[in-house]
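Residue numbers for the sequence shown follow our numbering, so the first one is 3 and each next one is one higher. Each residue gets a CB set at the ideal place from its N, CA and C atoms; glycine is no exception. Structure first, commentary second.
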Amino acid sequence: MPLYETESLVLKSYNLAEADRIVVFFTREHGLVRGVAKGAKRLKSRFGSTLELFSIVNLSYFQKEDRELVSIQSVELSKSYFAEASDPEFLNTFSYIADLLMAFLPPHDRNETLYRMTKACLEIASDSPERLACIRFYFELWLLRLGGYLPDWSRCRECRLVFAGKVKAGLRSDFQLVCQDCRMTRNSDFISSAHIEVFHSVQKYSPSKFLELTIGIEDTVSEVSGVVRRIISQVIGRDLIAEKSIAVNYQQH
Ligand SMILES: [Zn+2]
């Protein structure tokens, strides 16, 4: 049975039997990994507080070839977000991000770009907790882009006109944009140049630069975020944010 070692982020944990837990990790080297932590529920567990949500840890585990669930050997804490997670808004935001990762990523599929991006979002949220909504939006948009689900908002889907200057585009049901001349229905949502700019600046800039650029235009960010969330719901076939029990469930652990 080979032993694997990798830096990981703790996404979620469930109780299993009397003393054990199942822990979901987002690993840098092997993507999503679910493992059994033997005795983790005991008071004097060898895992200590390493399995707290959103901890960055060095994980080692054994994996049998035919099993998805791995056997956790050791977990060493590298960085804790325990203090930050006592803020319900932080907890909610990152529980939602963890749920998105679990919905989007196939098990044991390496995605280092997304791993580094998730870690960067945690770091910046720790520094700027008042900007959680913008950080969440940044993550959502990149998740769609890396998965190949992001529509092209640079030009009209019908006549291929490139959007420049002041525009008032229409949003189609497939989330692509059409220019005013091609707009088919009167009641479709409008997308303005400010929306398009926010959409593109996520893809151009680092999370910290993006936060800097969106100071004072949080409402515009929130409107684009609404569209991005509708795309996410369509991709995963359900509305994660509407599952309001998320925060409550996490707090029970
Ligand atoms: Zn057009």
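Legend entry - Reduced DSSP secondary structure (H/G/I, E/B, other) of alanine 196: In the sequence shown, residue 196 corresponds to position 194, counting from 1. Helix at alanine 196.
Legend entry - Where lysine 211 sits in the DSSP three-state scheme: Mapped onto the sequence shown, residue 211 falls at position 209. Note: lysine 211 maps to helix in three-state DSSP.
Legend entry - leucine 179 beta carbon less than 8 Å from that of cysteine 158: Here residue 158 is taken as the residue at index 156 of the sequence shown, counted from 1. Here residue 179 is taken as the residue at index 177 of the sequence shown, counted from 1. Yes, the Cβ-Cβ distance between cysteine 158 and leucine 179 is below 8 Å.
Inset, instruction - Please go through the same chain and pick out, in chain order, the residues whose beta-carbon is closer than 6 Å to the beta-carbon of isoleucine 238, but skip the five residues on each side of it. - result: Position 236 of the sequence shown holds residue 238. Around isoleucine 238: Ala105.
Legend entry - beta-carbon cysteine 136 near ligand 1 non-hydrogen atom, thresh 7 Å: Within the sequence shown, numbered from 1, the residue matching residue 136 stands at position 134. The answer is no for cysteine 136.
Inset, instruction - Take isoleucine 99 and list the residues in its own chain whose beta-carbon comes closer than 6 Å to its own, dropping the five residues that flank it on each side. - result: Start at 1 with the first residue of the sequence shown, and residue 99 comes out as number 97. For isoleucine 99, where only same-chain residues beyond five positions count, the Cβ hits under 6 Å are Phe141.
Inset, instruction - Count the other C-beta atoms from every protein chain shown that fall within 10 angstroms of the C-beta of leucine 102, then say buried if there are 16 or more, exposed otherwise. - result: For this step, residue 102 is matched to residue 100 along the sequence shown. Its Cβ being crowded by 16 or more others within 10 Å, leucine 102 is buried.
Inset, instruction - Pair every Cβ in the stretch 108-126 with every Cβ in the stretch 24-34, then say whether three or more of these pairs are closer than 8 Å. - result: yes
Inset, instruction - Could you check the C-alpha separation between alanine 320 and phenylalanine 177 for me, to the nearest Å? - result: In this structure the chain extends from 3 to 255, so residue 320 is not present and cannot be described.
Legend entry - Exposed unless 16 or more other CB atoms sit within 10 angstroms - verdict on valine 164: Stepping through the sequence shown from its first residue, residue 164 is reached at position 162. Result: exposed.
Inset, instruction - Report the residue from Trp155, Glu7, Leu173 and Ser195 whose alpha carbon sits nearest the alpha carbon of arginine 185. - result: Here residue 185 refers to the residue found at position 183 when the sequence shown is read from its first residue. Checking every option, the nearest Cα to that of arginine 185 belongs to Leu173.
Legend entry - 8 Å Cβ cutoff met for histidine 197 and glutamate 214: Here residue 197 corresponds to residue number 195 of the sequence shown, with the count starting at 1. Here residue 214 corresponds to residue number 212 of the sequence shown, with the count starting at 1. Not closer than 8 Å, so no.
Legend entry - Contact the stretch 68-83 vs the stretch 133-147: 3+ CB pairs below 8 Å: no
Inset, instruction - Please say whether lysine 170 and glutamine 182 have beta carbons closer to each other than 8 Å? - result: As a first step, residue 182 is located in the sequence shown; it is residue number 180 there, counting from the start. As a first step, residue 170 is located in the sequence shown; it is residue number 168 there, counting from the start. Going by C-beta atoms, glutamine 182 is nearer than 8 Å to lysine 170.
Inset, instruction - With hydrogens ignored, establish whether the beta-carbon of aspartate 183 is closer than 7 Å to any heavy atom of ligand 1. - result: Locating residue 183 in the sequence shown gives position 181, where the first residue counts as 1. Within the cutoff, so yes.
Inset, instruction - Output the distance between the C-alpha atoms of threonine 8 and cysteine 136, rounded to the nearest integer angstrom. - result: Within the sequence shown, numbered from 1, the residue matching residue 8 stands at position 6. Within the sequence shown, numbered from 1, the residue matching residue 136 stands at position 134. In a straight line, the C-alpha of threonine 8 is about 29 Å away from that of cysteine 136.
Legend entry - Classification of proline 4 by the beta-carbon crowding that lies within 10 angstroms, buried from 16 upward: Here the question's residue 4 lines up with position 2 in the sequence shown. So proline 4 counts as exposed.
Inset, instruction - Check glutamine 254 in the structure and name its three-state DSSP category. - result: Counting from one through the sequence shown, the residue named residue 254 turns up at place 252. For glutamine 254, the predicted structure reports a pLDDT of 38, less than 50, and the residue's modelled location is therefore unreliable. A value from the coordinates is still provided. Here glutamine 254 sits in coil by DSSP.
Inset, instruction - Give a single yes or no on whether cysteine 161 has its beta carbon closer than 7 Å to a heavy atom of ligand 1. - result: Here residue 161 refers to the residue found at position 159 when the sequence shown is read from its first residue. At least one heavy atom of ligand 1 is nearer than 7 Å to the Cβ of cysteine 161, so yes.
Inset, instruction - Return yes when at least one heavy atom of ligand 1 lies under 7 Å from the C-beta of valine 164, else no. - result: Taking the sequence shown and counting its residues from 1, one reaches residue 164 at position 162. The answer is no for valine 164.
Legend entry - cysteine 158: CB within 7 Å of a non-hydrogen atom of ligand 1: Counting from 1 along the sequence shown, the entry for residue 158 is found at position 156. Yes, the beta carbon of cysteine 158 sits closer than 7 Å to at least one heavy atom of ligand 1.
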